[in-house]
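Numbering (full-length UniProt numbering), first residue to last: 1 to 118.
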Amino acid sequence: MDGIYIPIIGFLSIAAMFITFSVLNSWSQFEVQRTLRTALEKGAPLTSELVAQMTTNRSSRNTDMRRGVIIVAIGLAALVAGPITGQMQEFATVAVFPIFVGLGFLLVWRLERKAGTP
């Protein structure tokens, strides 16, 4: 029964990272909206440039690359932890998912870079 806890904890850790990222991103967007609402209540004009800036996706060209590298590194860390702990099969099982998700992000980054997408 003890061997089952390792993959479960690995998957829960990955899920916790994604949930934390989503919550922090939502909180950031909430703060921007609150600041804008306060400015409008004080009489600041709402220009078309400001609206366009708010609706555009602000992720940089390298966001997918950064995410891919970090997620692949997490998977590789799990893969390296296997022989250290003597539980290679369990850690390799956990490592496969983040490695492939990270490779997917790197593939998207590479394809967008070749296509010249901003």
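The beta-carbon is built from N, C-alpha and C at its ideal position, and this holds for glycine as well.
Please read these numbers as outputs of a predicted model, since none were measured by experiment.
Residue from the options with nearest C-alpha to residue i
| i | options | result |
| --- | --- | --- |
| Ile-9 | Ile-99, Arg-61, Thr-93, Phe-100 | Thr-93 |
| Leu-111 | Met-65, Phe-100, Thr-47, Val-69 | Met-65 |
| Ile-14 | Ala-77, Gly-116, Ala-39, Gln-87 | Ala-77 |
| Ile-4 | Ala-81, Phe-21, Gln-87 | Gln-87 |
| Gly-104 | Phe-30, Met-17, Thr-63 | Thr-63 |
| Pro-7 | Leu-107, Arg-113, Phe-100, Phe-91 | Phe-91 |
| Ile-99 | Gly-116, Ala-115, Val-108, Leu-79 | Leu-79 |
| Val-32 | Ala-16, Phe-21, Ser-48, Gln-53 | Gln-53 |
Residue i, DSSP secondary structure in three states
| i | result |
| --- | --- |
| Asn-25 | helix |
| Lys-114 | helix |
| Pro-45 | coil |
Boundaries (first-last residue) of the alpha helix (DSSP H) holding residue i
| i | result |
| --- | --- |
| Thr-85 | 63-85 |
Own chain, CB closer than 7 Å to residue i, minus 5 neighbours either side, in chain order
| i | result |
| --- | --- |
| Leu-46 | Leu-40 |
| Asn-25 | none |
Spatial neighbours of residue i in its chain, beta-carbon cut-off 6 Å, leaving aside the 5 residues before and after
| i | result |
| --- | --- |
| Ile-19 | none |
| residue 205 | An answer regarding residue 205 cannot be provided, because it is not within the stretch 1 to 118 covered by the chain. |
8 Å Cβ shell around residue i - same chain, five flanking residues per side excluded
| i | result |
| --- | --- |
| Gly-102 | Arg-67, Gly-68, Val-69, Ile-70, Ile-71, Val-72, Ala-73, Ile-74, Gly-75 |
| Phe-97 | Phe-11, Ile-14, Gly-75 |
Chain D contact for residue i (CB, 8 Å cutoff)
| i | result |
| --- | --- |
| Leu-111 | Although the question refers to chain D, the structure presented lacks it and comprises just one protein chain. |
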